[in-house]
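Residues 4 to 124 (this note's numbering) make up the sequence shown, in order. Virtual Cβ for every residue (Gly too), placed ideally from N, Cα, C. The structure under discussion appears below in the form of structure tokens.
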Amino acid sequence: MARVKHRLVLFGLLAPNVVSFWLLAAHFLRGGAMGWFLCWLLLPALLLVRRRWIVRMVQLALLFVASAWVMITAEMLTSRIIMGEDWSRMLMIMGTVICMTLLSACTFLHPQLERHYGLGR
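Here it is, written out as structure tokens:
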């Protein structure tokens with residue numbers, strides 16, 4: 004029973020990371036870029052490997068994803084302002100996505116993830 008609880012906690016801690024990558028994958032799928040879609044869709048599978056360098060690579064990828072969202076948000080904001088459309092709701096949603104992406108990189112600071120991936124050594 005303790006093992007099942009441990010796995011559920013790990014799943015809950017890693018879920019924000021997976022969602023962050025899958026949101027960007029969905030963005031590329033909508034744009035028709037299948038290569039990038041598959042890259043971002045499958046990248047979270049690396050978390051199945053319990054290595055310190057994998058965690059650091061995922062964290063760097065999440066920082067890249069957050070910066071990509073900032074650029075995408077700037078493009079969408081510019082086009083909405085030029086077209087005279089409402090942009091406030093879009094900006095709040097994208098701000099939430101950016102914050103969630105950045106915070107998901109911090110989940111590896113949790114003691115259980117540090118032990119799981121050997122980060123405390």
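| Check | Outcome |
| --- | --- |
| Which residue spans inside the region 68-114 form an unbroken alpha helix (DSSP H) run of at least 4? | 91-108 |
| What does the alpha-carbon distance come out to for the pair V58 and G87? | 43 Å |
| Would you mind stating whether F24 and L46 have Cβ atoms separated by less than 8 Å? | yes |
| Find the nearest neighbour of G98 within the set Y120, H113, L50, A71, judged by alpha-carbon distance. | A71 |
| By how many angstroms is the C-alpha of F111 removed from the C-alpha of G38? | 28 Å |
| Kindly list the residues whose CB is nearer than 8 Å to the CB of V12, restricted to its own chain and excluding five residues on each side of it in sequence; keep chain order. | Q115 |
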